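Visitor: Have a look at this one before I ask anything.
Residue numbers (my numbering): 41 to 230.
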(Lines of atoms letter the chains of each structure in order from A and count residues from 1; the text may use other names and numbers.)
(Lines give C-alpha, C1' and ligand atoms only; values in the text may rest on other atoms or scores of the structure.)
Protein backbone atom coordinates (compact mmCIF):
# COMPACT_ATOMS: atom_id res chain seq x y z
CA UNK A 1 0.00 0.00 0.00
CA UNK A 2 1.03 3.39 1.14
CA UNK A 3 4.73 2.65 1.67
CA UNK A 4 5.15 1.33 -1.87
CA UNK A 5 3.15 4.24 -3.29
CA UNK A 6 5.29 6.72 -1.36
CA UNK A 7 8.47 4.99 -2.52
CA UNK A 8 7.30 4.91 -6.13
CA UNK A 9 6.19 8.56 -6.01
CA UNK A 10 9.47 9.58 -4.33
CA UNK A 11 11.56 7.51 -6.77
CA UNK A 12 9.70 8.85 -9.79
CA UNK A 13 9.96 12.46 -8.63
CA UNK A 14 13.68 12.20 -7.89
CA UNK A 15 14.35 10.21 -11.09
CA UNK A 16 12.64 12.95 -13.12
CA UNK A 17 14.71 15.60 -11.34
CA UNK A 18 17.92 13.63 -11.94
CA UNK A 19 17.08 13.12 -15.60
CA UNK A 20 16.42 16.83 -16.03
CA UNK A 21 19.77 17.68 -14.43
CA UNK A 22 21.55 15.10 -16.62
CA UNK A 23 19.98 16.52 -19.80
CA UNK A 24 21.02 20.05 -18.85
CA UNK A 25 24.56 18.98 -17.93
CA UNK A 26 25.00 16.98 -21.15
CA UNK A 27 24.15 20.10 -23.16
CA UNK A 28 26.84 22.13 -21.36
CA UNK A 29 29.97 22.39 -23.47
CA UNK A 30 33.37 21.94 -21.86
CA UNK A 31 31.98 19.54 -19.26
CA UNK A 32 32.12 15.76 -19.11
CA UNK A 33 29.12 14.08 -17.59
CA UNK A 34 28.65 10.48 -16.48
CA UNK A 35 25.64 9.12 -14.62
CA UNK A 36 24.23 5.97 -13.10
CA UNK A 37 20.73 5.07 -11.94
CA UNK A 38 20.62 2.49 -9.18
CA UNK A 39 17.51 0.34 -9.65
CA UNK A 40 16.15 -2.09 -7.05
CA UNK A 41 14.36 -4.05 -9.82
CA UNK A 42 17.54 -4.91 -11.76
CA UNK A 43 20.41 -6.60 -9.90
CA UNK A 44 23.01 -5.47 -12.45
CA UNK A 45 22.01 -1.88 -11.62
CA UNK A 46 22.74 -2.39 -7.90
CA UNK A 47 26.44 -3.28 -7.99
CA UNK A 48 29.47 -1.10 -7.52
CA UNK A 49 31.37 -2.84 -10.32
CA UNK A 50 28.38 -2.08 -12.57
CA UNK A 51 28.50 1.57 -11.47
CA UNK A 52 32.26 1.91 -12.01
CA UNK A 53 32.18 0.07 -15.35
CA UNK A 54 29.38 2.31 -16.59
CA UNK A 55 31.15 5.52 -15.53
CA UNK A 56 34.42 4.39 -17.13
CA UNK A 57 32.65 3.49 -20.37
CA UNK A 58 30.81 6.82 -20.50
CA UNK A 59 33.98 8.82 -19.87
CA UNK A 60 36.01 6.74 -22.35
CA UNK A 61 33.43 7.29 -25.10
CA UNK A 62 33.22 11.03 -24.44
CA UNK A 63 36.94 11.84 -24.36
CA UNK A 64 39.94 10.66 -26.35
CA UNK A 65 42.24 11.12 -23.36
CA UNK A 66 39.95 9.01 -21.16
CA UNK A 67 39.77 6.40 -23.91
CA UNK A 68 43.58 6.25 -23.97
CA UNK A 69 43.65 5.88 -20.17
CA UNK A 70 41.13 3.03 -20.30
CA UNK A 71 42.98 1.29 -23.14
CA UNK A 72 46.33 1.56 -21.34
CA UNK A 73 44.78 0.43 -18.07
CA UNK A 74 43.23 -2.59 -19.77
CA UNK A 75 46.58 -3.42 -21.39
CA UNK A 76 48.44 -3.08 -18.07
CA UNK A 77 45.95 -5.38 -16.32
CA UNK A 78 45.44 -7.92 -19.09
CA UNK A 79 46.12 -10.80 -16.69
CA UNK A 80 42.89 -10.01 -14.82
CA UNK A 81 40.02 -11.97 -16.36
CA UNK A 82 37.50 -9.75 -14.63
CA UNK A 83 38.55 -6.39 -13.20
CA UNK A 84 38.11 -5.95 -9.48
CA UNK A 85 36.37 -3.01 -7.86
CA UNK A 86 39.81 -1.73 -6.82
CA UNK A 87 41.13 -1.82 -10.40
CA UNK A 88 38.01 -0.13 -11.76
CA UNK A 89 38.18 2.57 -9.08
CA UNK A 90 41.85 3.23 -9.86
CA UNK A 91 41.08 3.51 -13.60
CA UNK A 92 38.21 5.92 -12.89
CA UNK A 93 40.44 8.06 -10.67
CA UNK A 94 43.01 8.34 -13.46
CA UNK A 95 40.31 9.41 -15.90
CA UNK A 96 38.96 12.00 -13.47
CA UNK A 97 42.40 13.58 -13.15
CA UNK A 98 42.19 14.53 -16.82
CA UNK A 99 41.90 18.36 -16.82
CA UNK A 100 38.35 18.66 -18.20
CA UNK A 101 35.78 19.27 -15.43
CA UNK A 102 33.63 16.22 -14.75
CA UNK A 103 30.23 15.84 -13.13
CA UNK A 104 29.03 12.43 -11.96
CA UNK A 105 25.35 12.00 -11.16
CA UNK A 106 24.32 9.00 -9.05
CA UNK A 107 20.61 8.49 -8.67
CA UNK A 108 18.94 6.48 -5.89
CA UNK A 109 21.85 5.33 -3.73
CA UNK A 110 19.23 3.81 -1.42
CA UNK A 111 18.35 1.27 -4.15
CA UNK A 112 21.80 -0.28 -3.81
CA UNK A 113 21.50 -3.12 -1.23
CA UNK A 114 22.45 -1.99 2.29
CA UNK A 115 25.39 -4.40 2.69
CA UNK A 116 26.81 -3.42 -0.71
CA UNK A 117 26.37 0.26 0.16
CA UNK A 118 28.18 -0.11 3.45
CA UNK A 119 31.07 -2.31 2.29
CA UNK A 120 31.64 -1.10 -1.29
CA UNK A 121 29.65 1.90 -2.49
CA UNK A 122 30.05 4.42 0.32
CA UNK A 123 33.77 3.65 0.88
CA UNK A 124 34.37 4.02 -2.88
CA UNK A 125 32.54 7.35 -2.96
CA UNK A 126 34.43 8.57 0.10
CA UNK A 127 37.69 7.67 -1.64
CA UNK A 128 36.67 9.68 -4.72
CA UNK A 129 35.55 12.78 -2.84
CA UNK A 130 38.65 12.89 -0.65
CA UNK A 131 41.12 12.60 -3.58
CA UNK A 132 41.04 16.36 -4.20
CA UNK A 133 40.42 15.89 -7.93
CA UNK A 134 40.16 19.32 -9.54
CA UNK A 135 36.90 19.94 -11.38
CA UNK A 136 35.12 16.85 -10.02
CA UNK A 137 31.55 17.31 -8.86
CA UNK A 138 29.32 14.46 -7.71
CA UNK A 139 25.56 14.79 -7.36
CA UNK A 140 23.93 11.97 -5.41
CA UNK A 141 20.25 11.41 -4.74
CA UNK A 142 18.81 9.10 -2.11
CA UNK A 143 16.10 8.66 0.42
CA UNK A 144 17.52 9.56 3.83
CA UNK A 145 18.60 6.05 4.92
CA UNK A 146 20.59 6.19 8.19
CA UNK A 147 23.76 4.58 6.78
CA UNK A 148 23.79 6.94 3.80
CA UNK A 149 23.14 10.01 5.97
CA UNK A 150 25.95 8.96 8.30
CA UNK A 151 28.45 8.29 5.50
CA UNK A 152 27.65 11.49 3.62
CA UNK A 153 28.07 13.52 6.80
CA UNK A 154 31.81 12.72 6.48
CA UNK A 155 31.97 13.89 2.84
CA UNK A 156 32.91 17.44 1.91
CA UNK A 157 29.44 18.27 0.62
CA UNK A 158 26.42 20.48 0.29
CA UNK A 159 23.23 18.73 1.34
CA UNK A 160 19.76 19.53 0.02
CA UNK A 161 17.02 17.76 1.93
CA UNK A 162 14.00 17.65 -0.35
CA UNK A 163 11.88 15.80 2.19
CA UNK A 164 12.31 18.74 4.61
CA UNK A 165 11.42 21.41 2.07
CA UNK A 166 7.85 22.74 2.23
CA UNK A 167 7.91 23.42 -1.51
CA UNK A 168 8.77 19.78 -2.24
CA UNK A 169 5.58 18.56 -0.53
CA UNK A 170 3.57 21.09 -2.54
CA UNK A 171 5.28 20.08 -5.82
CA UNK A 172 4.74 16.38 -5.13
CA UNK A 173 1.04 16.96 -4.31
CA UNK A 174 0.65 19.00 -7.50
CA UNK A 175 2.36 16.29 -9.58
CA UNK A 176 0.05 13.60 -8.16
CA UNK A 177 -3.07 15.80 -8.61
CA UNK A 178 -2.08 16.49 -12.22
CA UNK A 179 -1.51 12.79 -12.85
CA UNK A 180 -4.85 11.85 -11.33
CA UNK A 181 -6.72 14.47 -13.38
CA UNK A 182 -6.29 12.35 -16.51
CA UNK A 183 -9.51 10.86 -17.97
CA UNK A 184 -8.56 7.28 -17.05
CA UNK A 185 -8.89 8.21 -13.36
CA UNK A 186 -12.32 9.91 -13.63
CA UNK A 187 -14.09 6.94 -12.01
CA UNK A 188 -11.91 7.00 -8.89
CA UNK A 189 -13.39 8.30 -5.67
CA UNK A 190 -11.75 11.37 -4.09
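Backbone N, C-alpha and C define an ideal beta-carbon position, used for all residues, glycine too.
Note that this is a predicted model, so its numbers are computed, not measured.
Would you mind reading off the limits of the beta strand (DSSP E) that contains residue 121?
Guide: To locate residue 121, count along the chain shown from 1; it is residue 81. Where residue 121 is concerned, there is no enclosing beta strand (DSSP E), given that its DSSP letter is neither H nor E.
Visitor: Taking just the CA atoms, how far does residue 119 sit from residue 125?
Guide: The sequence position of residue 125 within the chain shown is 85, counting from 1. The sequence position of residue 119 within the chain shown is 79, counting from 1. Each residue's alpha carbon lies about 15 angstroms from the other.
Visitor: Please report how far the alpha carbon of residue 104 lies from the alpha carbon of residue 174, in whole angstroms.
Guide: Numbered from its first residue, the chain shown carries residue 104 at position 64. Numbered from its first residue, the chain shown carries residue 174 at position 134. Rounded to whole angstroms, residue 104 to residue 174 spans 19 angstroms at the Cα level.
Visitor: Which residues does DSSP pair with residue 72 in a beta bridge?
Guide: Here residue 72 refers to the residue found at position 32 of the chain shown. DSSP lists 142 as partners of residue 72.
Visitor: For residue 71, which residues from the same chain have a beta carbon less than 8 angstroms from its beta carbon, with the 5 sequence-adjacent residues on both sides left out?
Guide: Start at 1 with the first residue of the chain shown, and residue 71 comes out as number 31. The residues are 65, 140, 141, 142 and 143.
Visitor: Name, in chain order, the residues that DSSP records as bridge partners for residue 176.
Guide: Locating residue 176 in the chain shown gives position 136, counting from the first residue. According to DSSP, which records beta bridges pairwise, residue 176 is partnered with 142.
Visitor: Would the beta-carbon of residue 74 fall within 8 angstroms of that of residue 95?
Guide: Here residue 74 refers to the residue found at position 34 of the chain shown. Here residue 95 refers to the residue found at position 55 of the chain shown. The answer is yes: Cβ separation under 8 angstroms.
Visitor: Within 10 angstroms of its Cβ, does residue 58 collect 16 or more other Cβ (buried), or is it exposed?
Guide: Within the chain shown, numbered from 1, the residue matching residue 58 stands at position 18. Under this definition residue 58 is a buried residue.
Visitor: Could you give the DSSP three-state label for residue 226: helix, strand or coil?
Guide: Position 186 of the chain shown, counted from the start, is the residue given in the question as residue 226. Three-state DSSP puts residue 226 in coil, outside helix and strand.
Visitor: In this structure, what does DSSP give as the bridge partners for residue 147?
Guide: One-based indexing of the chain shown puts residue 147 at position 107. Per DSSP, 77.
Visitor: Can you tell me the Cα-Cα spacing of residue 101 and residue 114, whole angstroms?
Guide: As a position in the chain shown, residue 101 is number 61, starting the count at 1. As a position in the chain shown, residue 114 is number 74, starting the count at 1. Rounded to whole angstroms, residue 101 to residue 114 spans 15 angstroms at the Cα level.
Visitor: Taking a contact to mean a Cβ-Cβ separation below 8 angstroms, would you say residue 88 touches residue 156 in this structure?
Guide: In the chain shown, counting from the first residue as 1, residue 88 sits at position 48. In the chain shown, counting from the first residue as 1, residue 156 sits at position 116. In contact: residue 88 and residue 156 (Cβ atoms closer than 8 angstroms).
Visitor: Between residue 228 and residue 86, what straight-line distance do the alpha-carbon atoms span, to the nearest angstrom?
Guide: Position 188 of the chain shown, counted from the first residue, corresponds to residue 228. Position 46 of the chain shown, counted from the first residue, corresponds to residue 86. In a straight line, the C-alpha of residue 228 is about 36 angstroms away from that of residue 86.
Visitor: Taking only the alpha-carbon atoms, compute the straight-line gap between residue 51 and residue 162 and give it to the nearest angstrom.
Guide: As a first step, residue 51 must be located in the chain shown, where it is residue number 11. As a first step, residue 162 must be located in the chain shown, where it is residue number 122. Any reading at residue 51 must be qualified, since the residue scores a pLDDT of 49, below 50, and its modelled position is unreliable; the value itself is stated next. Each residue's alpha carbon lies about 20 angstroms from the other.
Visitor: Closest to residue 185 by CA distance: which of 214, 222 and 154 is it?
Guide: What you label residue 185 is simply residue 145 of the chain shown in a count that begins at 1. With distances taken between Cα atoms, residue 185 lies closest to 154.
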